[in-house]
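**Q** Numbering (this note's numbering), first residue to last: 4 to 515. Where is the CB? At the ideal position from N, CA and C, for every residue including glycine. Since we're looking at a predicted model, the values are computed, not measured.
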Ligand SMILES: [Zn+2]
């Protein structure tokens with residue numbers, strides 16, 4: 004039985020959120036409701052108009068290149084890519100062919116916790132170049148199509164990787180990391196649903212041992228003829244990236260097992276049918292006749308961009324969250340994925356660490372556990388807070404409470420002033436409020452403070468012992484597991500406020 008492996012490379016387009024378009028001063032706002040509002044002679048390609056490159060877009064592409072460890076070229080230029088389609092009024096797209104702004108970079112990925120082929124990978128970045136977006140075609144009823152030029156000329160960065168991915172999971176992880184990076188850089192919102200980030204994959208399944216990859220180029224070994232690659236488009240979500248690639252790998256393997264081959268082709272992912280469908284073959288692919296755009300002089304990207312300092316990137320932040328806040332890799336990943344959530348977490352943590360520092364040395368010294376409180380806070384954000392937000396279809400930007408008050412809730416839990424059940428109820432109230440309310444006030448108003456006073460608990464325990472003689476007898480006869488039932492009854496009687504440890508202590512003292 005022959006063994007097969009996939010060769011996968013990714014091409015991702017990211018819309019930059021500059022104020023104006025790539026080559027004219029029209030507003031860069033492709034998703035407004037009024038069609039053909041942000042248009043001018045330049046983005047409509049009237050004869051005699053001249054494109055002027057957007058300085059910010061070049062600067063941001065340099066930033067993207069640097070964040071992806073690329074070499075920034077000293078000489079870069081724009082080229083014309085010719086093809087005819089109604090979404091392209093000039094008959095060519097201004098893109099970059101031979102001298103992209105950035106090339107030869109890499110990105111390091113970590114797949115821990117996802118049952119990967121390998122735990123980490125260094126993926127080569129072939130290039131990152133700048134181009135203009137096309138108009139949007141709106142296909143209406145009865146076969147009519149309307150053209151909206153609001154998107155024509157919006158700056159796009161295209162990032163191409165080497166064929167270094169070994170699975171669909173790796174390709175998906177890359178797209179997620181790339182989205183995080185451009186969001187951290189503040190150059191794009193990279194919302195896939197809005198088309199601000201578009202992913203395409205190149206996939207070909209080969210026989211094991213039939214090829215090697217040298218400097219990002221696939222080379223056949225022992226005179227083998229390699230199988231053709233399939234370009235996969237229409238991957239509009241991370242799930243689609245993973246499922247589409249997985250589907251394509253299986254499809255190609257089953258063809259090879261039947262002794263079949265295929266021509267180079269472009270296929271689209273059909274999300275409804277959950278399969279890839281043929282769009283076109285290489286035979287009718289366009290020859291783009293690239294040549295340098297004579298209207299735009301070549302340029303030196305670094306001179307235009309000036310001095311660039313990168314912010315802390317997601318991978319660096321993850322590492323720091325892991326080291327400073329003692330968070331697991333997967334928790335750190337969840338918390339750093341989104342910049343707002345990462346900032347919220349940092350503010351909560353610094354509040355808690357400060358609070359620990361102000362605790363008098365003499366007393367409570369034993370309770371100063373930065374590690375314990377950090378992990379507690381991390382767990383409450385990832386599981387409880389994010390769980391509630393997901394359920395309510397909200398995001399961290401929707402909550403009105405401050406990191407200070409969230410930190411106070413964690414401090415209350417840490418100091419056993421409230422038990423987990425009631426803390427969760429308080430958090431639910433905080434999420435639902437339109438104001439930033441102090442959790443201590445909520446706790447006092449509701450009377451949800453933890454009762455650790457053994458006198459009060461003793462009264463509750465006595466009642467339970469009186470009301471459940473059968474269970475009491477069983478515990479006394481050695482069925483220790485039944486004590487859980489009695490603890491539960493005491494907790495219920497206290498409406499969840501009793502300190503469960505004290506309850507168990509008192510019960511055991513009275514029964515054993
Ligand atoms: Zn314009």
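#1: Any heavy atom of ligand 1 inside 7 Å of the beta-carbon of residue 27?
#2: When the Cα atoms are used, what is the spatial distance from residue 361 to residue 377?
#3: With respect to the beta strand (DSSP E) encompassing residue 204, which residues constitute its N-terminal and C-terminal limits?
#4: What do you reckon, are the CB atoms on residue 430 and residue 388 nearer than 8 Å?
#5: Using a Cβ-based criterion (distance less than 7 Å to any ligand heavy atom), does residue 156 qualify as near ligand 1?
#6: Using the Cα positions of residue 263 and residue 229, report the straight-line distance between them to the nearest angstrom.
#7: Ends of the alpha helix (DSSP H) at residue 458?
#8: Excluding five sequence neighbours on each side, which residues of the same chain lie with their C-beta closer than 6 Å to the C-beta of residue 478?
#9: How many Å lie between residue 205 and residue 95 at the Cα?
#10: Under a three-way DSSP split, which group does residue 365 fall into?
#11: For the stretch 286 to 329, list the alpha helix (DSSP H) runs that are entirely contained and at least 4 residues long, ordered along the chain.
#12: Nearest CA to the CA of residue 172: which residue from 6, 391 and 123?
#13: Just the Cα atoms here: how many angstroms apart are residue 67 and residue 119?
#14: Between the alpha carbons of residue 449 and residue 341, how many angstroms are there, rounded?
#15: Who are residue 7's beta bridge partners in DSSP?
#16: DSSP three-state call for residue 109: helix, strand or coil?
#17: Taking 7 Å as the cut-off, is the CB of residue 93 close to at least one heavy atom of ligand 1?
#18: Please go through the same chain and pick out, in chain order, the residues whose beta-carbon is closer than 6 Å to the beta-carbon of residue 416, but skip the five residues on each side of it.
#19: Go ahead and label residue 337 buried or exposed: buried means 16 or more other beta carbons lie within 10 angstroms of its beta carbon, across all protein chains shown.
#20: Within this structure, are the beta carbons of residue 31 and residue 20 separated by less than 8 Å?
#21: Taking 8 Å as the threshold, find out whether the stretch 293 to 306 comes into contact with the stretch 254 to 273 through three or more Cβ pairs.
#22: Is residue 24 a contact residue of ligand 1, with contact defined as CB to any heavy atom under 7 Å?
#23: Can residue 9 and residue 208 be called in contact, C-beta distance under 8 Å?
#24: Based on Cα-Cα distance, which residue from 226, 375 and 473 lies nearest to residue 212?
#25: Kindly identify the DSSP beta-bridge partner or partners of residue 268.
#26: Consider the C-beta atom of residue 97 and the heavy atoms of ligand 1; say whether any pair is separated by less than 7 Å.
#27: Tell me which residues share the same chain as residue 4 and place their Cβ nearer than 6 Å to its Cβ, disregarding the 5 neighbours each side in the sequence.
#28: Would residue 366 be called buried (16 or more neighbouring beta carbons within 10 Å of its own) or exposed?
#29: Which residues in the same chain have their Cβ closer than 7 Å to the Cβ of residue 215, if we skip the five residues on either side of it in sequence?
#30: Are the stretch 42 to 51 and the stretch 64 to 80 touching by the rule of at least three beta carbon pairs closer than 8 Å?
#31: For residue 128, does the three-state DSSP call read helix, strand or coil?
#32: Where do the ends of the beta strand (DSSP E) carrying residue 28 lie?
#33: Nearest by alpha-carbon distance to residue 308: which of 14, 7, 64 and 196 is it?
#34: Given this structure, state the Cα-to-Cα distance separating residue 368 from residue 357, to the nearest angstrom.
**A** Result, derived from the coordinates:
#1: For the purposes of this step, residue 27 is identified with residue 24 of the chain shown, where counting begins at 1. Result yes, Cβ under 7 Å from ligand 1.
#2: Mapped onto the chain shown, residue 361 falls at position 358. Mapped onto the chain shown, residue 377 falls at position 374. Spanning the two alpha carbons is a distance of roughly 16 Å.
#3: The residue labelled residue 204 in the question sits at position 201 within the chain shown. Annotation for residue 204: the continuous beta strand (DSSP E) segment containing it runs 200 to 210.
#4: As a working mapping, residue 430 is identified with position 427 in the chain shown. As a working mapping, residue 388 is identified with position 385 in the chain shown. Closer than 8 Å, so yes.
#5: Mapped onto the chain shown, residue 156 falls at position 153. Checking the Cβ of residue 156 against ligand 1 gives yes.
#6: By 1-based counting over the chain shown, the position of residue 263 is 260. By 1-based counting over the chain shown, the position of residue 229 is 226. Distance between the alpha carbons of residue 263 and residue 229 is about 13 Å.
#7: Looking up residue 458 in the chain shown gives position 455. For residue 458, the uninterrupted alpha helix (DSSP H) run begins and ends at 457 to 470, by DSSP.
#8: Residue mapping note: residue 478 aligns to position 475 of the chain shown, counting from 1. Closer than 6 Å at Cβ, skipping near neighbours: 485, 486 and 514.
#9: As a first step, residue 205 must be located in the chain shown, where it is residue number 202. As a first step, residue 95 must be located in the chain shown, where it is residue number 92. C-alpha separation (whole angstroms): 24 Å.
#10: Counting from one through the chain shown, the residue named residue 365 turns up at place 362. Because residue 365 carries a pLDDT of 43, less than 50, the predicted location of this residue cannot be relied on, and the following value inherits that uncertainty. In this structure, residue 365 counts as coil in the three-state DSSP scheme.
#11: Complete alpha helix (DSSP H) runs here, min 4: 304 to 308 and 317 to 327.
#12: The residue labelled residue 172 in the question sits at position 169 within the chain shown. Closest by alpha carbon: 123.
#13: Reading the chain shown from its first residue, position 64 is the one you call residue 67. Reading the chain shown from its first residue, position 116 is the one you call residue 119. Those two C-alpha atoms are separated by around 27 Å.
#14: In the chain shown, residue 449 corresponds to position 446, counting from 1. In the chain shown, residue 341 corresponds to position 338, counting from 1. When rounded, the separation of the alpha-carbon atoms in residue 449 and residue 341 is 34 Å.
#15: Locating residue 7 in the chain shown gives position 4, counting from the first residue. Answer by DSSP bridge pairing, in chain order: 210.
#16: Start at 1 with the first residue of the chain shown, and residue 109 comes out as number 106. In this structure, DSSP gives residue 109 an extended state, which the three-state scheme calls strand.
#17: Stepping through the chain shown from its first residue, residue 93 is reached at position 90. Incorrect: residue 93 has no Cβ contact closer than 7 Å to ligand 1.
#18: The residue given as residue 416 occupies position 413 in the chain shown. 426, listed in sequence order.
#19: Numbered from its first residue, the chain shown carries residue 337 at position 334. The residue in question, residue 337, is buried, as its Cβ has 16 or more Cβ neighbours within 10 Å.
#20: Position 28 of the chain shown, counting from 1, holds the residue named residue 31. Position 17 of the chain shown, counting from 1, holds the residue named residue 20. Between residue 31 and residue 20, the CB-CB gap stays under 8 Å.
#21: Judged by Cβ distances under 8 Å, the stretch 293 to 306 makes no contact with the stretch 254 to 273, as fewer than three pairs qualify.
#22: On the chain shown, position 21 is the one that residue 24 refers to. Under cutoff, so the answer is yes.
#23: The residue labelled residue 9 in the question sits at position 6 within the chain shown. The residue labelled residue 208 in the question sits at position 205 within the chain shown. Yes; because the gap between Cβ atoms is below 8 Å, this pair is in contact.
#24: Mapped onto the chain shown, residue 212 falls at position 209. For residue 212, the closest alpha carbon among the candidates 226, 375 and 473 is that of 226.
#25: On the chain shown, residue 268 is found 265 positions in, with the first residue counted as 1. Note: residue 268 sits in a beta bridge opposite 233 and 284.
#26: For the purposes of this step, residue 97 is taken as the residue at position 94 of the chain shown. Relative to the non-hydrogen atoms of ligand 1, the Cβ of residue 97 never comes closer than 7 Å to any of them.
#27: Walking along the chain shown from the start, residue 4 turns up at place 1. For residue 4, where only same-chain residues beyond five positions count, there are no Cβ hits under 6 Å.
#28: Position 363 of the chain shown, counted from the first residue, corresponds to residue 366. Residue placement at residue 366 is poorly supported in this model, since its pLDDT is 49, which falls under 50; the coordinates still yield a value, given next. Exposed: under 16 other Cβ atoms inside 10 Å.
#29: Working through the chain shown from its first residue, we reach residue 215 at position 212. Hits under 7 Å: 222 and 224.
#30: Cβ pair count under 8 Å is below three, so no.
#31: Counted from its first residue, the chain shown places residue 128 at position 125. In the structure shown, residue 128 adopts extended strand secondary structure according to DSSP, grouped into three states.
#32: By one-based count along the chain shown, residue 28 stands at place 25. Per DSSP, residue 28 belongs to no beta strand (DSSP E) and is neither H nor E.
#33: Indexing the chain shown from 1 puts residue 308 at position 305. Nearest option by C-alpha distance: 64.
#34: Position 365 of the chain shown holds residue 368. Position 354 of the chain shown holds residue 357. Below a pLDDT of 50, predicted positions are generally treated as unreliable, and residue 368, at 43, falls in that range; the measurement from the model is reported next regardless. CA-to-CA, the gap between residue 368 and residue 357 works out to about 15 Å.
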